[in-house]
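A short worksheet on the structure shown next.
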Amino acid sequence: MILVLNFGAQYVHLIARRIREFGVYSEILPCDVSLKEIGKLKPDGIILSGGPASVYEHNAPLMDRKILGLGIPILGICYGLQLIGKFVNGEVLAGKLKEFGKKEIHVKKNGKLLKGLSKKEQVWMSHGDLVAKLPKDFEVLASTDTCPIAAFENNERKIYGIQFHAEVAHTPKGNEILKNFVFGICKAKKDWHIKSVSKKLIKEIKKEVGKNSVIMGVSGGVDSTVAATLLHKAIGSRLYCVFVDHGLIRKDEADEVKNFFEKKLKFRHFYFVDASHIFLEKLSGITDPEEKRKIIGHTFIEVFESKVIELEKKHKGIKFLGQGTIYPDRIESAQPSKYASKIKSHHNVTLPEKMKLKVIEPLKEFYKDEVRKLGKEFRIPTEILNRHPFPGPGLAIRILGEITEERLRILKESDHIFIDELKKSGYYGKTWQAFAALLPVKAVGVMGDARTYEYVISLRAVTSIDAMTADWAKLPYELLEKISTRIINEVRGVNRVLYDVSQKPPATIEYE
Ligand code: XMP
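In terms of the working numbering, the sequence shown is residues 339 to 850.
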């Protein structure tokens with residue numbers, strides 16, 4: 339495996355993902371991980387990520403410098419390279435010659451790290467500091483017009499560095515450099531494949547659960563569906579699945595999920611809890627977005643817990659709580675590095691704190707695309723595997739202001755038309771997320787000969803890679819026109835449709 343130490347880099351996930359795509363297991367750990375922990379993992383190589391700090395800052399993130407002497411090949415990327423520069427008593431210059439964006443490197447020598455690269459290559463730079471000098475045993479492989487050491491290697495000490503980001507698509511030969519490191523230098527083996535991994539996972543679940551049973555909340559989304567299927571393959575009828583309908587899900591979704599688990603997957607224990615009245619009652623009159631989130635989160639736990647207690651009484655042996663947590667959830671919620679900014683707390687990670695069940699998270703090492711591959715192998719229909727992400731608080735954060743039954747009906751119907759047309763036109767698969775939002779204002783219109791005074795629907799469709807940034811989807815005008823006409827004609831209570839053309843940042847994907 340290749341270990342990636344996180345110094346707070348924006349692109350840290352990309353490094354691990356690329357390596358896994360090569361067929362080699364890779365994991366991200368905080369930069370201040372102990373030598374003992376590293377020893378347990380037995381990595382074939384260690385990559386030091388980039389990060390927003392300068393090595394000269396008072397609180398600059400550090401690692402144990404003994405890591406450089408372990409004899410394990412090390413590759414420093416950006417900040418990682420500068421940190422190596424500092425540790426080996428090189429000269430690191432702060433903030434003088436910043437480089438950002440596409441740059442050209444001049445390759446003086448290929449060495450092991452830049453094997454196969456031409457004399458000039460395009461790379462992606464994003465740095466303020468640079469390493470100006472290194473001890474004699476370090477060989478400079480490449481430079482740019484402003485950065486004297488854009489790549490170096492020291493084969494004796496097995497220490498390597500690149501100032502640019504090999505993990506992003508703007509460095510076209512990035513994969514070759516990473517492969518040179520992973521295979522050429524670290525001699526890692528290709529043994530990370532979804533097929534072999536799924537067999538291993540099933541075996542591990544069987545061993546961990548033993549003769550006990552697992553209870554799990556499912557949402558109809560990709561992660562929980564694949565996790566439940568995996569658990570089902572391992573323990574069959576000792577899996578108890580609970581779907582809590584908070585009433586804030588998309589039109590027809592409750593029936594779809596129910597049919598899928600009961601009829602298609604043939605789960606023996608699937609419990610559908612219609613709690614929509616409880617949620618809607620508690621949300622009545624609430625307009626503050628954070629308040630809505632809190633109420634939904636708490637109520638969800640209450641409803642789920644009471645179902646768990648009921649089932650525990652009836653069926654002995656329920657000792658585990660299954661969760662569809664995936665790798666990025668853990669990284670984002672648990673703050674792998676105190677230097678990376680916290681993104682958000684996923685409620686599926688915090689949910690079990692109050693319960694006395696042991697958590698089992700069969701997908702905790704996987705990225706979304708790997709979860710989809712696993713799902714495909716299990717023949718889960720593509721409509722579920724390619725489903726757009728859906729927020730925990732559901733439609734509550736897409737109805738701005740107060741949630742009423744009428745507003746919920748209008749939103750569900752409008753959203754249904756939007757998604758239906760996106761699917762028919764092939765644009766659903768080309769967008770990261772698409773949905774309708776209801777604005778709590780009324781506008782004047784004219785229908786027939788009469789004046790109308792009705793709600794405004796905003797359509798949001800975005801493209802994104804990881805939801806951290808997003809761009810509005812450039813849907814064809816004809817398609818938008820068709821959707822707008824259908825919504826205004828078919829949904830009672832709407833007389834105006836808008837298309838949202840804001841990017842994230844500064845806007846967010848959701849409205850609240
Ligand atoms: P924003 O609105 O922050 O959304 O740009 C980024 C991604 O996160 C999803 N999202 C949530 N998911 N609970 C969730 O489970 C939430 O409270 C929540 N808020 C936003 C959103 O749908 C998008 O994919």
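The beta carbon of each residue, even a glycine, is placed where N, CA and C say it ideally should be.
Which residues share a DSSP beta bridge with residue i?
i, result
"Arg789", "Val784"
"Ser551", "Ile656"
"Pro368", "Asn344"
"Trp530", "DSSP, once it has assigned bridges, lists no residue as partnering Trp530."
"Phe716", "Answer by DSSP bridge pairing: none, since Phe716 is not bridged."
"Trp770", "Paired residues: none, contrary to the question."
"Ser557", "Looking at the DSSP assignment, Ser557 forms no beta bridge with any residue, so it has no partner."
"Gln460", "Glu442"
"His465", "Glu437"
"Lys842", "Ala808"
"Ile795", "Leu776, Val835"
"Asp593", "Beta-bridge pairing links Asp593 to no other residue."
"Ile415", "Ile500"
"Ile384", "Leu341, Ile412"
"Ile698", "Gly660"
Run through DSSP, which three-state label would residue i get?
i, result
"Asn492", "strand"
"Val800", "strand"
"Asp809", "strand"
"Arg834", "strand"
"Ala432", "coil"
"Gly449", "coil"
"Gly407", "helix"
"Asp402", "coil"
"Glu477", "strand"
"Glu848", "coil"
"Tyr498", "strand"
"Ile353", "helix"
"Phe581", "strand"
"Gly732", "helix"
"His636", "helix"
"Gly423", "helix"
"Val611", "strand"
"Ile737", "strand"
"Val564", "helix"
"Lys471", "strand"
"Val535", "helix"
"Ala572", "helix"
"Lys511", "coil"
"Asn724", "coil"
Using 8 Å as the threshold, is the C-beta distance between residue i and residue j below it?
i, j, result
"Ile443", "Ala488", "yes"
"Tyr791", "Val832", "no"
"Leu723", "Val560", "yes"
"Gly555", "Glu594", "no"
"Val552", "Leu577", "yes"
"Glu715", "Ile532", "yes"
"Val350", "Ile376", "no"
"Ile634", "Phe617", "yes"
"Glu491", "His465", "no"
"Glu429", "Ala470", "yes"
"Cys524", "Gln501", "no"
"Phe642", "Asn550", "no"
"Ile385", "Leu413", "yes"
Thinking C-alpha only, which one of the options is nearest residue i?
i, options, result
"Val371", "Lys820, Val426, Asp402", "Asp402"
"Gln841", "Glu816, Ala799, Ile825", "Ala799"
"Cys579", "Gly585, Val564, Leu586, Lys589", "Val564"
"Ile803", "Pro814, Phe773, Ile847, Ile748", "Ile847"
"Gly585", "Leu746, Lys645, Glu699, His531", "Leu746"
"Ser534", "His615, Glu459, Lys711, Ile553", "Lys711"
"Leu431", "Lys450, Lys447, Ala398, Leu468", "Leu468"
"Gly418", "Gly388, Lys424, Pro399", "Gly388"
"Ile825", "Ile748, Met785, Glu850, Lys762", "Ile748"
"Pro729", "Val709, Ala805, Ile757", "Ala805"
"Thr663", "Ile634, Lys706, Pro627, Glu629", "Lys706"
"His607", "Ile422, Gly574, Thr637", "Gly574"
"Tyr849", "Gly361, Lys589, Pro627, Ala398", "Pro627"
"Ile735", "Leu776, Gly377, Lys768, Lys761", "Leu776"
"Phe756", "Arg717, Lys702, Leu836, Thr720", "Leu836"
"Lys604", "Ile624, Lys820, Ala566, Ala774", "Ala566"
"Ile415", "Ala845, Lys436, Ala347, Thr637", "Ala347"
"Met785", "Thr823, Thr801, Ser752", "Thr823"
"Lys378", "Leu341, Ala398, Asp475", "Leu341"
"Pro411", "Asn448, Phe345, Pro381, Ile656", "Pro381"
"Val520", "Lys780, Asp787, Val362, Asn827", "Val362"
"Ser456", "Trp462, Asn448, Ser752", "Asn448"
Is residue i close to chain D, meaning its C-beta is less than 8 Å from at least one C-beta of that chain?
i, result
"Thr509", "Judged by its chain identifiers, the structure shown contains no chain D, having just a single protein chain."
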